[in-house]
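**Q** Residues in the sequence shown are numbered from 2 upward in steps of one, following the numbering used here. Ideal Cβ placement from N, Cα and C applies to all residues, glycine included. Quick caveat: nothing in here was measured; it's all calculated off a predicted structure. Below you will find the structure I want to go over with you.
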Amino acid sequence: MSSSSDLDRQIEQLKRCEPLKESEVKALCLKAMEILVEESNVQRVDAPVTICGDIHGQFYDMKELFKVGGDCPKTNYLFLGDFVDKGFYSVETFLLLLALKVRYPDRITLIRGNHESRQITQVYGFYDECLRKYGSVNVWRYCTDIFDYLSLSALIENKIFSVHGGLSPAISTLDQIRTIDRKQEVPHDGAMCDLLWSDPEDIVDNWGLSPRGAGYLFGGSVVTSFNHSNNIDYICRAHQLVMEGYKWMFNNQIVTVWSAPNYCYRCGNVAAILELDGNLNKQFRVFEAAPQEMMMSDLGGISEGQISSGGRSSASHPSASTIFSIIAVL
């Protein structure tokens, strides 16, 4: 990539929901890799910062997010993963965030979600979208290689631990997260898997089996112990649809932030982002989905049934364990 002016042009192109050339994607990913490889598994983030949950390829809704939260680099952003799959614009969504990361590396932090995975994206749409838009799987390969370099979590002012999914019985301290070798496909189990897949659950006190088939359910006592041991105020995570956009649990010890409004173009939920000022005072900003006609103008022959299911058939979602088994025999 020859200059910041080239990058600025590409950012403006992506903001118009226009994909980059394959050669430009390759160059962008190589530059991003140089930046991301230097980041920690627990990446330090300074306040003020705005925290965003799942996006899932809902590009026009991400544009609404930026309208509410402000443009990068004026606003410092932390995105908690799941940039791709389900929605129709995973390519443009992820590449815009990646281009912003390369252009303003200190003003946007991207951490890995469970959908930043070769296996999961072959089931939930990103692989097919890359093939459809580029005629080959090269762009999918460039992007999924980048997934391996994304940080696993972030720590805001040493007080707010941010992660896509949740906690792990294999992890009691942040230093244990720092020792993980993250430059790999998301494993089927273990600490790295749990950080991306686990969920808090009211009816569980300690640990429970997750219906997702990966990660764990964890209860209030687990969160209390983790927060106390690591001297943090609370955990901020994403990973679960919240109809109101955000949800506190366990006496405000953990909060879920969800940033994909009208999820899969059918759920009817609002979305939220969490703004923290320099003193870590909180303000949730709730927003609705972009007008659907904006999205529809670009979709051509995609059927109404595919829209309601995020571009796939309307079959129920397979569990993680089922997906891992399917991919293993392909």
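Is the CB-CB distance between Leu29 and Val258 below 8 Å?
**A** The count along the sequence shown starts at 1 and reaches residue 29 at position 28. The count along the sequence shown starts at 1 and reaches residue 258 at position 257. No.
**Q** Look at the alpha carbon of Asp62 and the alpha carbon of Ala215, and state the distance between them as a whole number of angstroms.
**A** In the sequence shown, counting from the first residue as 1, residue 62 sits at position 61. In the sequence shown, counting from the first residue as 1, residue 215 sits at position 214. Taking the straight line from one Cα to the other gives about 28 Å.
**Q** Quick one: complete alpha helix (DSSP H) runs, 4+ long, within the segment 58 to 139?
**A** 60 to 70, 91 to 104, 119 to 125 and 127 to 135
**Q** In the DSSP assignment, what are the bridge partners of Val43?
**A** Taking the first residue of the sequence shown as 1, we reach residue 43 at position 42. Answer is Ser154, bridged to Val43.
**Q** Note down, in chain order, each residue of its chain lying with its Cβ closer than 6 Å to the Cβ of Val46, except the 5 sequence neighbours on either side.
**A** Position 45 of the sequence shown holds residue 46. For Val46, where only same-chain residues beyond five positions count, the Cβ hits under 6 Å are Leu79, Thr110, Ala155 and Ile157.
**Q** Taking buried to mean at least 16 other C-beta atoms within 10 Å of its own C-beta, is Val140 buried or exposed?
**A** For the purposes of this step, residue 140 is identified with residue 139 of the sequence shown, where counting begins at 1. Its Cβ being crowded by 16 or more others within 10 Å, Val140 is buried.
**Q** Give the straight-line distance between the Cα atoms of Lys160 and Asn207, rounded to the nearest whole angstrom.
**A** Taking the first residue of the sequence shown as 1, we reach residue 160 at position 159. Taking the first residue of the sequence shown as 1, we reach residue 207 at position 206. Lys160 and Asn207: Cα-Cα distance of roughly 23 Å.
**Q** Does the distance from the CB of Ala273 to the CB of Tyr247 come in under 8 Å?
**A** For this step, residue 273 is matched to residue 272 along the sequence shown. For this step, residue 247 is matched to residue 246 along the sequence shown. Against a cut-off of 8 Å, the Cβ pair of Tyr247 and Ala273 comes out as a contact.
**Q** Do Cys73 and Arg108 have their C-beta atoms closer together than 8 Å?
**A** Against the sequence shown, residue 73 aligns to sequence position 72. Against the sequence shown, residue 108 aligns to sequence position 107. Going by C-beta atoms, Cys73 is nearer than 8 Å to Arg108.
**Q** Alpha carbon to alpha carbon, what distance is there between Gln254 and Glu93?
**A** Position 92 of the sequence shown, counted from the start, is the residue given in the question as residue 93. Position 253 of the sequence shown, counted from the start, is the residue given in the question as residue 254. Cα-Cα distance, rounded: 34 Å.
**Q** So what's Gly221 in DSSP terms, helix, strand or just coil?
**A** Here residue 221 is taken as the residue at index 220 of the sequence shown, counted from 1. Three-state DSSP puts Gly221 in a helix.
**Q** Kindly indicate which residue of Asp9, Gly279, Gln44 and Lys22 has the alpha-carbon position closest to the one of Val164.
**A** Counting from 1 along the sequence shown, the entry for residue 164 is found at position 163. Closest by alpha carbon: Gln44.
**Q** Identify the continuous alpha helix (DSSP H) that holds Lys184 and give its terminal residues.
**A** Here residue 184 is taken as the residue at index 183 of the sequence shown, counted from 1. It is not in any alpha helix (DSSP H) - Lys184 carries neither H nor E in the DSSP assignment.
**Q** Give the secondary structure of Thr174 by DSSP, where H, G and I count as helix, E and B as strand, and everything else as coil.
**A** Reading the sequence shown from its first residue, position 173 is the one you call residue 174. Note: Thr174 maps to coil in three-state DSSP.
**Q** Once DSSP output is grouped into helix, strand and coil, what is the label at Glu35?
**A** The residue you call residue 35 lines up with position 34 of the sequence shown. Note: Glu35 maps to helix in three-state DSSP.
**Q** Considering only residues of the same chain and omitting the five flanking positions on each side of Ile1, which have a CB-CB separation below 8 Å?
**A** Residue 1 lies beyond the residue range present for the chain, which begins at 2 and ends at 331; the question has no answer from this structure.
**Q** For Gln11, which three-state DSSP category applies?
**A** Taking the sequence shown and counting its residues from 1, one reaches residue 11 at position 10. If DSSP states are grouped into helix, strand and coil, Gln11 belongs with the helices.
**Q** What are the boundary residues of the alpha helix (DSSP H) that includes Trp259?
**A** Walking along the sequence shown from the start, residue 259 turns up at place 258. First-last for Trp259: undefined, no H or E at that position.
**Q** So, do the segment 164 to 176 and the segment 120 to 137 have three or more beta carbon pairs nearer to each other than 8 Å?
**A** Output reads no: the segment 120 to 137 does not touch the segment 164 to 176.
**Q** So what's Val271 in DSSP terms, helix, strand or just coil?
**A** Walking along the sequence shown from the start, residue 271 turns up at place 270. In the displayed model, Val271 falls within coil according to three-state DSSP, outside both helix and strand.
**Q** By a C-beta neighbour count over all protein chains shown, 10 Å radius and 16 as the cutoff for buried, is Pro262 buried or exposed?
**A** By 1-based counting over the sequence shown, the position of residue 262 is 261. Buried: at least 16 other Cβ atoms inside 10 Å.
**Q** Whole angstroms is fine: what's the gap from Tyr266's alpha carbon to Ala291's?
**A** To locate residue 266, count along the sequence shown from 1; it is residue 265. To locate residue 291, count along the sequence shown from 1; it is residue 290. Their backbone Cα atoms lie some 10 Å apart in a straight line.
**Q** Short of 8 Å in beta carbon distance, which residues of its chain neighbour Gln14, apart from the five on each side in sequence? Order them along the chain.
**A** Working through the sequence shown from its first residue, we reach residue 14 at position 13. Excluding sequence neighbours, Gln14 sits near Leu21.
**Q** Taking Phe285 as the reference, give the member of Ala192, Glu40, Val69 and Thr225 with the closest Cα.
**A** Stepping through the sequence shown from its first residue, residue 285 is reached at position 284. That would be Val69, whose Cα lies nearest to the Cα of Phe285.
**Q** Looking only at C-alpha atoms, which of Ser230, Asp129 and Arg183 sits nearest to Gly1?
**A** Absent from the model: residue 1. The displayed extent of the chain is 2 to 331, so no value can be given.
**Q** When you compare each of Glu117, Phe67, His116 and Gly126 to Phe101 by their alpha carbons, which one comes out closest?
**A** Taking the sequence shown and counting its residues from 1, one reaches residue 101 at position 100. Residue identity check: residue 101 is Leu in the sequence provided, not Phe. Answer by Cα proximity: Phe67.
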